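Structure first, commentary second.
Residue numbers (my numbering), protein chains in the order written: chain A, 14 to 441; chain B, 405 to 621.
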């Protein structure tokens, strides 16, 4: 529920923002916003320092009237010509030097500057929805359990009442029966009890014996608290950005440290929502990024890799991150990622669960043979359609299936039909 | 009495198996046949046994096997066929524009594939339309807006150099994209950019627009 509340809050906040903007702004300032976003927003924010300085209050900082236009047109030229304030700016924000925007007209610059001056930060989403600890739908099994128990008690009472009544009626008719056996010696009751117990034991025994040898829900502690929720969920990084091997090879591939550093050269701190482990302890995202720097041999203060003094081709102190393997298929099973991702067009989530919601990854699927086979029986292949030549052209060679589809003997082709449940497909 | 023994035996077994399988989720748990579950062969990313292998080619003493996971010198990976002459140094960036894009034109399918790769690897910062406004742009900062005139004017070779070796806060993508993929992504970026004439008309044109005017079409 709280997720919806979050969305509603965000909607409300953005609506408020839009209303605020449209209340006192004309078309001119709207253009300013669009221009700002297209040209400046990559390095500047109106109210806070970013890659470049905050732009609000530019008027007070400007050394002379009209300086800002010259600066925007050619910052490098201004610095080169020795303009005192330009040199000061360059020294403060080095090594980054602003790109020149000579293509912006004076009216456009005015529009941008007006937008910056009128900018008010959007109101933070009001209250509520802090940590998304959703309880989920209450578990129904407890309710059913209590119901069953109540019914069982009622049943036993009714049985007792029945036997008492029969005793009374027997006495009335003058039939004399012996003293009835108490229920704990009654063979029917005993038998039912034993049977119930045996079934229960058998159920747990079977389940436990199957579970032994499978690693479902395995969630090891990793050397770095890497949250897929933050990366793939909140920040929408494609799975294939880091696990590019999944589309090209058997292995999904664990990204090497340089792939992490593509973004973390610039992202030094974690500023998102607080991360909490399942046991309630909180995670310091910035400290985890520091761990990455130590693995990479990267010095965040000088923004460079450590020198390679021992000439082994990598920065001193850099070492691979020893991630703990979670998904393990036995040696006698062949599984190829690219076959499933590229050819079969499967989503990662089919086998790995909602990985974009996992703080720490656990094994979602049981990775048992029954689980594989079941999917192969149910999944339809992208079969080649002769009529409009859509689908995977490779499947044009299956003449019998094409004939059967034409004669309406079958309507779709599953993985099983094309040999996906043959033993030697995965075991060889 | 005999029946009772049976029942107790089953019960004990059930409890034992349950306890064994209910191991903490932090541990992989027990398995029936460890020698089948855990590979005897070297798996990807497995650590080499330093008692048997050495990564130092000069380590001639002893009977250790030299293995450093690197391809033999002189071999070419698929997709790396196009030679690239420039090394990573300050001078190379300046002359990188002279290297021509070996891919002249892409078919519709190849362009779609380049677009897919762009969306996976580049759009996260540069935005799906190349406007420098991808989901991560507000966190990294100084993301190039590829539709601006100076990027329209930038030569393919210079872009390739930046993708290959990185530029400012951008890292090298040589390990994620092959040379062929990088060149074709540059072709795709050209389709996102406004036509060179239109973009340069609005500005005091930088000198070297000619090289890209042809490719932008």
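Where a beta carbon is used, it is the ideal one built from N, C-alpha and C, also for glycine.
Note that the coordinates shown come from a computational prediction; the quantities given were computed from them, not determined experimentally.
For a Cβ distance threshold of 7 Å, nothing in chain A lies close to residue 472(B): the least Cβ distance comes to about 10 Å. In this structure, residue 547(B) lies near residue 55(A), with their beta-carbon atoms less than 9 Å apart. Among the CB atoms of chain B, one or more fall inside 9 Å of the CB of residue 52(A).
Here residue 174(A) is exposed. Its C-beta has fewer than 16 other C-beta atoms within 10 Å.
Per DSSP, the continuous alpha helix (DSSP H) segment holding residue 270(A) begins and ends at 270-277. Between the alpha carbons of residue 463(B) and residue 470(B) lies a gap of roughly 8 Å. Exclusion of the five residues before and after residue 549(B) leaves 535, 536 as the residues of its chain whose Cβ lies within less than 6 Å of its Cβ.
Per the DSSP secondary-structure output, residue 511(B) pairs with nothing in a beta bridge.
With contacts defined as CB atoms closer than 9 Å, residue 211(A) and residue 361(A) fail to qualify as a contacting pair.
Per the coordinates, the alpha-carbon of residue 248(A) lies some 33 Å from the alpha-carbon of residue 493(B).
When beta bridges are read from the DSSP output, residue 457(B) appears opposite 469(B). Excluding residues up to 5 positions away in sequence, 242, 246 lie with their Cβ nearer than 7 Å to the Cβ of residue 370(A) in the same chain. Pairing residue 334(A) with residue 308(A) gives a Cβ-Cβ distance under 9 Å. Taking a beta-carbon distance threshold of 9 Å, residue 515(B) does not count as an interface residue toward chain A. Of the other Cβ atoms in all chains shown, fewer than 16 fall within 10 Å of the Cβ of residue 352(A); this residue is therefore exposed. For residue 88(A), the uninterrupted alpha helix (DSSP H) segment begins and ends at 88-93. Of all residues in the segment 250-280 of chain A, the ones placed with a Cβ closer than 7 Å to any Cβ belonging to chain B are 250, 251, 253, 254, 257, 264, 267, 269, 271, 272, 274, 275, 276, 278, 279, 280, in chain order. For residue 56(A), the nearest CB of chain B lies under 9 Å from its own CB, placing it at the interface with that chain.
The Cβ of residue 396(A) sits no closer than 9 Å to any Cβ of chain B.
When the alpha-carbon of residue 336(A) is set against those of 235(A), 314(A), 130(A), 44(A), the nearest one is in 235(A). Spanning the alpha carbons of residue 366(A) and residue 378(A) requires a straight line of approximately 7 Å. Taking a C-beta cut-off of 9 Å against chain B, the contacting residues of the segment 101-126 of chain A are 108, 109, 112, 113, 114, 115, 116, 117, 118, listed in chain order. In this structure, the beta-carbon distance from residue 254(A) to residue 270(A) does not fall below 9 Å.
Judged by DSSP in its simplified three-state form, residue 587(B) adopts helix. Residues of chain A whose Cβ lies closer than 7 Å to the Cβ of residue 580(B) are, in chain order, 257, 272. Just so you know, the alpha carbons of residue 439(A) and residue 394(A) end up roughly 18 Å apart.
For residue 514(B), the closest alpha carbon among the candidates 567(B), 531(B), 586(B) is that of 586(B). 114(A) is the residue among 114(A), 187(A), 290(A) whose C-alpha sits nearest the C-alpha of residue 554(B). Two segments are said to touch when three or more pairs of C-beta atoms, one from each, lie closer than 8 Å; by this definition the segment 577-593 of chain B touches the segment 503-512 of chain B.
For a Cβ distance threshold of 8 Å, residue set 440, 441, 442, 443, 444, 445 of chain B lies close to residue 344(A), ordered along the chain. Interface flag for residue 501(B) against chain A is unset, since no Cβ pair is found closer than 9 Å.
Note on the segment 313-377 of chain A: whole alpha helix (DSSP H) runs with a minimum of 4 residues are 361-365, in chain order. Restricting attention to 339(A), 364(A), 432(A), the CA atom closest to the CA of residue 431(B) is found in 339(A). One finds 430 in chain B with Cβ atoms closer than 7 Å to the Cβ of residue 233(A), taken in chain order.
A check of alpha carbon separations from residue 264(A) across 277(A), 348(A), 251(A), 330(A) identifies 348(A) as the nearest. Think of a sphere of 7 Å around the beta carbon of residue 417(B): the chain A residues whose beta carbon falls inside it are 218, in chain order.
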